[in-house]
Amino acid sequence: MEVNMENFWQQLPRILISIAESNFVAIDVEMTGITDNLADVARKQNNHTRQGLYEAGKRIASTYNLFQLGLTCVKSDGDDSYKTETYSFYVSPLLLEDTREDDFFAQDVGRNLTTSLSTLKFMRREGLQLEKILDDPVPYLSRKEVREAEERLERRTQRQPLKDHPYNEDDEGLTFFSAYVFDEITTWLGDRSENKDPEIKIRIPPSESKKRSSVYHKIVRVTARNLAPHMKCRTWDYGATVVIYMDNSDEDCEKEELIRKRFDDSLRKQTGIRLIIEALAGGRFAGIIDPSSIVDALRSWPGGMTVQDFCKEVEDKFGFSAYRKLPRQSEQPSEHGRPPADNNNSGSSDWTPGDDSSKEELLEGSMTPEGLHDGWATTDDEWATSSRRKVTNDWATADDGWVTSSNGWATADNEWARSNNDRNIRSMQSPASLGASWEEPAGYNESDHSVDEESEEALVSMVATALCSLERRLESTRPPIVGHNQLWDLLFLYQTFIDDLPDSSGEFFANIHELFPFILDTKIMAISHQPIEGEDPLADLFNRFTVNNAKPYISWDPSYGYSRKGNVHEAGYDSYMTATVLLRLGHKLARESEAGGADQRETWDEKMRRLYSKGWLIAIGRDPDCFGPDTEPGFGTLASYYSDDDDDDDVGSLHWNHPVFEEFHNTLRIGPSTTVFLERQWAADRAFRGRLPRLKDSDGEGLDS
Numbered sequence: 024m025e026v027n028m029e030n031f032w033q034q035l036p037r038i039l040i041s042i043a044e045s046n047f048v049a050i051d052v053e054m055t056g057i058t059d060n061l062a063d064v065a066r067k068q069n070n071h072t073r074q075g076l077y078e079a080g081k082r083i084a085s086t087y088n089l090f091q092l093g094l095t096c097v098k099s100d101g102d103d104s105y106k107t108e109t110y111s112f113y114v115s116p117l118l119l120e121d122t123r124e125d126d127f128f129a130q131d132v133g134r135n136l137t138t139s140l141s142t143l144k145f146m147r148r149e150g151l152q153l154e155k156i157l158d159d160p161v162p163y164l165s166r167k168e169v170r171e172a173e174e175r176l177e178r179r180t181q182r183q184p185l186k187d188h189p190y191n192e193d194d195e196g197l198t199f200f201s202a203y204v205f206d207e208i209t210t211w212l213g214d215r216s217e218n219k220d221p222e223i224k225i226r227i228p229p230s231e232s233k234k235r236s237s238v239y240h241k242i243v244r245v246t247a248r249n250l251a252p253h254m255k256c257r258t259w260d261y262g263a264t265v266v267i268y269m270d271n272s273d274e275d276c277e278k279e280e281l282i283r284k285r286f287d288d289s290l291r292k293q294t295g296i297r298l299i300i301e302a303l304a305g306g307r308f309a310g311i312i313d314p315s316s317i318v319d320a321l322r323s324w325p326g327g328m329t330v331q332d333f334c335k336e337v338e339d340k341f342g343f344s345a346y347r348k349l350p351r352q353s354e355q356p357s358e359h360g361r362p363p364a365d366n367n368n369s370g371s372s373d374w375t376p377g378d379d380s381s382k383e384e385l386l387e388g389s390m391t392p393e394g395l396h397d398g399w400a401t402t403d404d405e406w407a408t409s410s411r412r413k414v415t416n417d418w419a420t421a422d423d424g425w426v427t428s429s430n431g432w433a434t435a436d437n438e439w440a441r442s443n444n445d446r447n448i449r450s451m452q453s454p455a456s457l458g459a460s461w462e463e464p465a466g467y468n469e470s471d472h473s474v475d476e477e478s479e480e481a482l483v484s485m486v487a488t489a490l491c492s493l494e495r496r497l498e499s500t501r502p503p504i505v506g507h508n509q510l511w512d513l514l515f516l517y518q519t520f521i522d523d524l525p526d527s528s529g530e531f532f533a534n535i536h537e538l539f540p541f542i543l544d545t546k547i548m549a550i551s552h553q554p555i556e557g558e559d560p561l562a563d564l565f566n567r568f569t570v571n572n573a574k575p576y577i578s579w580d581p582s583y584g585y586s587r588k589g590n591v592h593e594a595g596y597d598s599y600m601t602a603t604v605l606l607r608l609g610h611k612l613a614r615e616s617e618a619g620g621a622d623q624r625e626t627w628d629e630k631m632r633r634l635y636s637k638g639w640l641i642a643i644g645r646d647p648d649c650f651g652p653d654t655e656p657g658f659g660t661l662a663s664y665y666s667d668d669d670d671d672d673d674v675g676s677l678h679w680n681h682p683v684f685e686e687f688h689n690t691l692r693i694g695p696s697t698t699v700f701l702e703r704q705w706a707a708d709r710a711f712r713g714r715l716p717r718l719k720d721s722d723g724e725g726l727d728s
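In this note's numbering, each residue's number is its place in the sequence shown (first place is 1) plus 23.
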């Protein structure tokens, strides 16, 4: 499914549900460049050390752009069967500019689009269309960009110190004007009469010099700030007059509130694709999403998922959503209204770095209707008692608020998202939502009810609750992330959606482990299985695992999968190939392990028949039967090796804790002979920085360091 701005809000609910119920999520990214001369020189000079390889990768990821993101969600669909959903996004440096506020916001976000000529030639040869990043793409904002936007907003809403002009007033003829301004202000301040003018009007002398006019204005503002700090200035009559007026705090609060609201609205619209990354990383996304955008989008989707379908599916699968039956938006049947599926998702571990709570502790009582107000959803009584939110230093200090996170390393907008979570949940405290029964009341007649203004508010509340439920689910149970040779994917994901890449490779790998604590690399799995053939490109591995009768069986809905052929190097299709290799190679390794090892599954003669065809043996003058008679199958082909015709072993559903994946947990291949163990790197880096929490194993016992 290609996702653009036209269908993003329609697809977002399904994407979030798919991620939340996945056993695995395979990702792939495409870049506008992958190498440059300076990076190659640096790599050679550092002799392929871990830090040297990282610095070369950092330089490339900081220079070029991520232009396509693909992800494939994988969930078990019964014995030896899985279902996939694939999504593809074009990632553009462009932001939305639909309104004046959006345009103003976008102007402050500095971005570049850089590509290499060799990459352009490659994309043209492979049929990839870079120009699609300009054709209605979904926008994005990184955590860093949100943090910088918050800082700019704070500066704009605070009174900035005024600097006086640098000119000698006597020499430049400014003394007379300065005396006039001083006299006007002091006379007004000393006037005690009841009928005095409520404002001070300072007339600016006409001048053909724009710079001199600017100096006149600065003299007025500096003098007013010094003599009457409780007053403010504004220009009037096209700059011919400066009006000094009394500071109205209520008016200023309303103005700041309006500025903040417009800022929040722009953030909600511009965050876009990073909502998906936050879901994968167990971050905050519910408060960033405007529930009404989803309500409007689902209403305009004939025959698709409805608001009720979405909320009911969240309740059925995760058990937290305060779903309440409302009038249907449409009488059209929907595939999303099917009975709840089995939710025995063992695809993730309960532990995440820095989190000592078990899943049961996190979920107990937190999302019941009665617990919405008293639980995690409301974090601050001040918000509940304040009639409006003021822009203060509380949310913009460098060592508090959004800069500090549970992970302890510069998340960008968690506080902003949390405050919007509070705002969304607050809307659910009305009698129209929480006061209603979860079941249909006695005498309820659906035909007597229409989707009026009141039920519109209830729909928005339901969606907000469902989003919070999904956020809570993903916060406690993040899906394992799967990639193929995925160092580059992670470098570009971090640089694009999180923050600037750190200087230290150790800090980067530790940060990645906090974002994605469960990582599998199919390249490492393939090389472990076959050291030579495992080095082949992803497409070759995929083709070997798509032979007839290959297990496990993989299915997909028509709109969310691929037919027999896709476009290699298209991010969505590459993520699907990665998911296929993971499942089928994982099943093969599991069967071989249960049979006593690969050596017992394939004899030496069988391996030689697979490697050397009879035709080749005859051509070099060797006995064509030297590795077995004609009755033996598999000469010169991998088909028999990867086919499962005679294999009825049941290895069960694959998940993160399956024994077959243990040796590959959180291991990255960053060079031909260089691997990184992320969990060890995370522990070493956090211990060095004094931020190492006490780890727990699956039984809740402490782990020795």
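Here a beta-carbon is modelled for each residue, glycine too, at the ideal position from N, C-alpha and C.
Query, Result
"Validate contact between the segment 46–62 and the segment 92–103 using beta carbons, cut 8 angstroms, 3 pairs", "yes"
"Arg244 versus Asp126 - alpha carbon distance", "30 angstroms"
"Reference Leu136, options His240, Asn88, Thr122, closest by Cα", "Asn88"
"Per-residue burial, Cys649 [other beta carbons within 10 Å of its own, 16 or more giving buried]", "exposed"
"Cβ shell of Lys224 (< 7 angstroms), same chain only, five flanking positions each side left out", "Thr264, Val266"
"From Glu274, Ala573, Arg226, Pro252, residue whose alpha carbon lies closest to that of Asp260", "Arg226"
"Start-end ranges of the beta strand (DSSP E) lying completely within the segment 233–286, minimum 3 residues", "254–259, 264–269"
"Cβ shell of Ala613 (< 6 angstroms), same chain only, five flanking positions each side left out", "Val674, Val683"
"Where the beta strand (DSSP E) through Cys96 begins and ends", "89–99"
"Assigned secondary structure, Tyr635 (DSSP; H/G/I helix, E/B strand, else coil)", "coil"
"Bridge-paired residues (DSSP) for Ser216", "Answer by DSSP bridge pairing: none, since Ser216 is not bridged."
"Counted within 10 angstroms of its Cβ, other Cβ atoms place Gly80 as buried (16 or more) or exposed", "buried"
"Span separating the alpha-carbon of His253 from that of Ser272", "10 angstroms"
"Member of Leu176, Pro695, Leu561, Gln33 whose CA lies at the smallest distance from the CA of Arg283", "Leu176"
"Cβ pair Ile504, Ile547 closer than 7 angstroms", "no"
"Separation of Thr122 from Leu691, as counted between CA atoms", "44 angstroms"
"Tyr163 vs Gly295 beta-carbon contact at 7 angstroms", "yes"
"Phe186, DSSP secondary structure in three states", "Inspection of the sequence shows that residue 186 is occupied by Lys rather than by Phe. Note: Lys186 maps to coil in three-state DSSP."
"Neighbourhood of Ser111 by C-beta, 6 angstroms cutoff - its chain only, sequence neighbours within 5 removed", "Glu25, Gly93, Ala594, Gly595"
"7 angstroms Cβ cutoff met for Val318 and Leu482", "yes"
"Distance, Glu207 Cα to Asn534 Cα", "60 angstroms"
"Bridge-paired residues (DSSP) for Trp627", "According to DSSP, which records beta bridges pairwise, Trp627 is partnered with nothing at all."
"CB contact flag (Leu321, Ala43, <7 angstroms)", "no"
"Glu498 - DSSP class collapsed to helix/strand/coil", "helix"
"Through-space distance from Ile693 to Asp512, alpha-carbon basis", "11 angstroms"
"Span separating the alpha-carbon of Glu171 from that of Glu537", "22 angstroms"
"Close Cβ partners of Asp646 (< 8 angstroms) along its chain, the five nearest in sequence each way excluded", "Leu640"
"Residues of its chain near Asn416, where Cβ-Cβ distance is below 6 angstroms and the 5 sequence neighbours each way are ignored", "Confidence is the limiting factor: at Asn416 the pLDDT is only 34, short of 50, which leaves the residue's position unreliable and the question unanswerable from this model."
"7 angstroms Cβ cutoff met for Leu119 and Gln293", "yes"
"Buried versus exposed call for Gly305 [16 or more other C-beta atoms within 10 Å across all chains shown]", "buried"
"For Asp125, the first and last residue of its enclosing alpha helix (DSSP H)", "123–130"
"Ala49, DSSP secondary structure in three states", "strand"
"Residue interval of the alpha helix (DSSP H) (run including Val169)", "166–180"
"Val330, enclosing alpha helix (DSSP H) - first and last residue", "330–341"
"Opposing strand residues paired with Leu543 [DSSP bridges]", "Val505"
"Where Asn572 falls, given that 16 or more other Cβ within 10 Å makes a residue buried", "exposed"
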